[in-house]
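Notes to accompany the following structure.
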Amino acid sequence: MVNTEKQSNRGKRRGELIWPRMVMKKWLSIKSTTGDAFSSDELSSDEHDDRDLDVENEVRCIGRGGQSFAPKLYALQDFYTPISVNSEKNVRKRADSRRRRYSDTSQRKSIHTEQLRIAVCTWNVAGRVPPPNLDIDDWVDMGEPADIYVIGFQEVVPLHAGTVFGAEDSGPARKWQGLIRKTLNKPIQSKKSCSSQSSSGKVTSEDLATDDGSSVTCLLPFSSTLLDERTVPVKKQFHYVRIVSKQMVGIHISIWVRRKFRCHIHNLKVSCVGLGIMGCLGNKGSISVSMMIRETSFCFVCTHLSSGEKEGAQLRRNADVAEILERTYFPSTNLIDKDIPNTICEHDRIIWLGDLNYRLNTKDTDARFLIAREDWTTLIQKDQLRQEMHGGIFNGWQEGRITFPPTYKYAVNSTRYSGEDGKQEEKRRTPAWCDRILWHGKGLKQLSYRREELNLSDHRPVMAVFIADAEVACACKFNKAMHFKTVMVEVEEVLC
Numbered sequence: 001m002v003n004t005e006k007q008s009n010r011g012k013r014r015g016e017l018i019w020p021r022m023v024m025k026k027w028l029s030i031k032s033t034t035g036d037a038f039s040s041d042e043l044s045s046d047e048h049d050d051r052d053l054d055v056e057n058e059v060r061c062i063g064r065g066g067q068s069f070a071p072k073l074y075a076l077q078d079f080y081t082p083i084s085v086n087s088e089k090n091v092r093k094r095a096d097s098r099r100r101r102y103s104d105t106s107q108r109k110s111i112h113t114e115q116l117r118i119a120v121c122t123w124n125v126a127g128r129v130p131p132p133n134l135d136i137d138d139w140v141d142m143g144e145p146a147d148i149y150v151i152g153f154q155e156v157v158p159l160h161a162g163t164v165f166g167a168e169d170s171g172p173a174r175k176w177q178g179l180i181r182k183t184l185n186k187p188i189q190s191k192k193s194c195s196s197q198s199s200s201g202k203v204t205s206e207d208l209a210t211d212d213g214s215s216v217t218c219l220l221p222f223s224s225t226l227l228d229e230r231t232v233p234v235k236k237q238f239h240y241v242r243i244v245s246k247q248m249v250g251i252h253i254s255i256w257v258r259r260k261f262r263c264h265i266h267n268l269k270v271s272c273v274g275l276g277i278m279g280c281l282g283n284k285g286s287i288s289v290s291m292m293i294r295e296t297s298f299c300f301v302c303t304h305l306s307s308g309e310k311e312g313a314q315l316r317r318n319a320d321v322a323e324i325l326e327r328t329y330f331p332s333t334n335l336i337d338k339d340i341p342n343t344i345c346e347h348d349r350i351i352w353l354g355d356l357n358y359r360l361n362t363k364d365t366d367a368r369f370l371i372a373r374e375d376w377t378t379l380i381q382k383d384q385l386r387q388e389m390h391g392g393i394f395n396g397w398q399e400g401r402i403t404f405p406p407t408y409k410y411a412v413n414s415t416r417y418s419g420e421d422g423k424q425e426e427k428r429r430t431p432a433w434c435d436r437i438l439w440h441g442k443g444l445k446q447l448s449y450r451r452e453e454l455n456l457s458d459h460r461p462v463m464a465v466f467i468a469d470a471e472v473a474c475a476c477k478f479n480k481a482m483h484f485k486t487v488m489v490e491v492e493e494v495l496c
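Numbering-wise, the sequence shown is residues 1 to 496 according to full-length UniProt numbering.
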């Protein structure tokens, strides 16, 4: 009994110590040397099998006669055949020069491009949890499923002293993730007639298979001695898995990929930058995710910048962006990571999403007049962010054409902007396109850019679809080319 009480008291003291430690970590922005921790779905044994199968298929595509290698680009020195030692230094230098020249050429020839469909979604949910009947199919573009989904939230929890200074509340984020998982992995409602598909009356695996591997409801012939209609069970797995999920107070990002595509994503790192109260807490700031997709580096930056439409607010937002670009860092954990990008701008493809909070430099009445006329071309000329994209803090970044109304500020559960009916309890704000999706770097093409009419929050959600190029290196082809080039170098050395 005494031991139990001691253990209980020890547990209480440990719990009392954890809370202030977490708060101090928030205040001081203490980071580990390997980057910020994040959560993801566990890799199943089936996914390990899929990884092996993908490697095997990739080897087969260039012929069965060669040795099998993993489909990744190794360090160049791994492919060199040792050459005979020559005492003359100038001969060595010429050989090294030839190797570099040949290796660069072979590396280029062994790389081809794969196109990926990426859906990017952002929504400031104003601290609200999803109701049971919320349908987000259109927001995540389930009509044309993507290979990768990047989904960012702002104010995923209400912003008050308890959530900003206290322990992190992950309950609402889990509910949103549950809704996302359910939406992305909905069974496809398709049916096939067994009697019409197979002349022999036998049901084959091909009869039950769909293009995306989902299960199918199968109708048995009416002449069957069994029930007139029966579902043939087919093993079903989630089409999409979560590879990263991270929350910082109200900012939350999760990334979902096709299950069989997961093995081609590596070097996942997360970096959080708090810019809120005292310039360090996470009620404002960013969560950035760095990853290698095949042989191409991608960075996704989910942000919630400083609010306000008064004079000087735009400068604070610009300062936030500068801080994010300067303070975001993805540490290299080993020698293999030495060529992996450490900062946002070092990545090949960058997508910036979130509640950027940039407003319109115009009067409230003028803005509402142009909105009523749906004159987006004139209204966008007043947009602060577009000004920053022409010589300002976002110079060189790109954004799709905006053909939808401003996304902020709406009366909750309503289709009207806040303050339109003259209610004193509602804050009247000049409508603005606060919620945005930008991109930087070559190899990104935007297919669509729109908002969705979900009125749960005072913001409307926004989504964009991209086609992204990812470089794929075929190691077998590279190895064969390097072996051939090395032989050429040795022959040239003999002739010298």
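Backbone N, C-alpha and C fix where the C-beta goes; we use that ideal spot for every residue, glycine too.
According to the neighbour-count rule (16 or more other Cβ atoms, all chains shown, within 10 Å of its Cβ), is residue i buried or exposed?
i	result
residue 435	buried
residue 246	buried
residue 445	exposed
residue 250	buried
residue 163	buried
residue 363	exposed
residue 338	exposed
residue 293	buried
residue 315	exposed
residue 452	buried
residue 283	buried
Does the distance from the C-beta atom of residue i to that of residue j stay below 7 angstroms?
i	j	result
residue 350	residue 279	no
residue 183	residue 136	yes
residue 353	residue 302	yes
residue 344	residue 328	yes
residue 429	residue 409	yes
residue 432	residue 406	yes
residue 525	residue 449	The structure shown does not extend to residue 525, since the chain is modelled only from 1 through 496, so no value can be given for it.
residue 456	residue 128	yes
residue 261	residue 147	yes
residue 252	residue 322	no
residue 356	residue 367	no
residue 176	residue 132	no
Nearest-angstrom Cα distance between residue i and residue j?
i	j	result
residue 39	residue 244	6 angstroms
residue 296	residue 240	21 angstroms
residue 374	residue 420	17 angstroms
residue 305	residue 110	42 angstroms
residue 160	residue 274	16 angstroms
residue 266	residue 152	21 angstroms
residue 331	residue 300	16 angstroms
residue 171	residue 378	42 angstroms
residue 498	residue 186	This structure leaves residue 498 out entirely; the chain is present only between 1 and 496.
residue 458	residue 257	29 angstroms
residue 289	residue 270	5 angstroms
residue 166	residue 116	40 angstroms
residue 412	residue 427	12 angstroms
residue 403	residue 319	28 angstroms
residue 36	residue 248	10 angstroms
residue 466	residue 150	11 angstroms
residue 178	residue 169	16 angstroms
residue 472	residue 264	10 angstroms
residue 120	residue 443	16 angstroms
residue 389	residue 317	13 angstroms
residue 291	residue 342	11 angstroms
residue 313	residue 334	41 angstroms
residue 326	residue 414	39 angstroms
residue 158	residue 180	20 angstroms
If residue i sits next to residue j, beta carbons under 8 angstroms apart, how far is it from one beta carbon to the other, in whole angstroms?
i	j	result
residue 255	residue 286	In fact, because the Cβ distance is near 15 angstroms, the residues do not count as touching under 8 angstroms.
residue 513	residue 125	Lying before the first or after the last residue shown, residue 513 is absent from the chain, which here runs from 1 to 496.
residue 463	residue 141	6 angstroms
residue 358	residue 383	7 angstroms
residue 469	residue 113	5 angstroms
residue 437	residue 122	6 angstroms
residue 139	residue 370	Incorrect: roughly 26 angstroms between the Cβ atoms, too far for contact.
For residue i, report the span of its beta strand (DSSP E) as first-last.
i	result
residue 318	Segment 313 to 327 is the alpha helix (DSSP H) holding residue 318; no beta strand (DSSP E) there.
residue 118	111 to 124
residue 275	From DSSP, residue 275 is part of no beta strand (DSSP E); its letter is neither H nor E.
residue 435	435 to 440
residue 243	240 to 248
residue 348	Segment: none, residue 348 is in no beta strand (DSSP E) and carries neither H nor E.
residue 471	462 to 473
Mind checking which residues open and close the alpha helix (DSSP H) that includes residue i?
i	result
residue 512	Because the chain in this structure spans residues 1 to 496, residue 512 falls outside the shown range and cannot be described.
residue 502	In this structure the chain extends from 1 to 496, so residue 502 is not present and cannot be described.
residue 162	161 to 165
Check whether the Cβ of residue i lies closer than 7 angstroms to any Cβ atom in chain C.
i	result
residue 391	The chain labelled as chain C is not found in the depicted structure, where only one protein chain is given.
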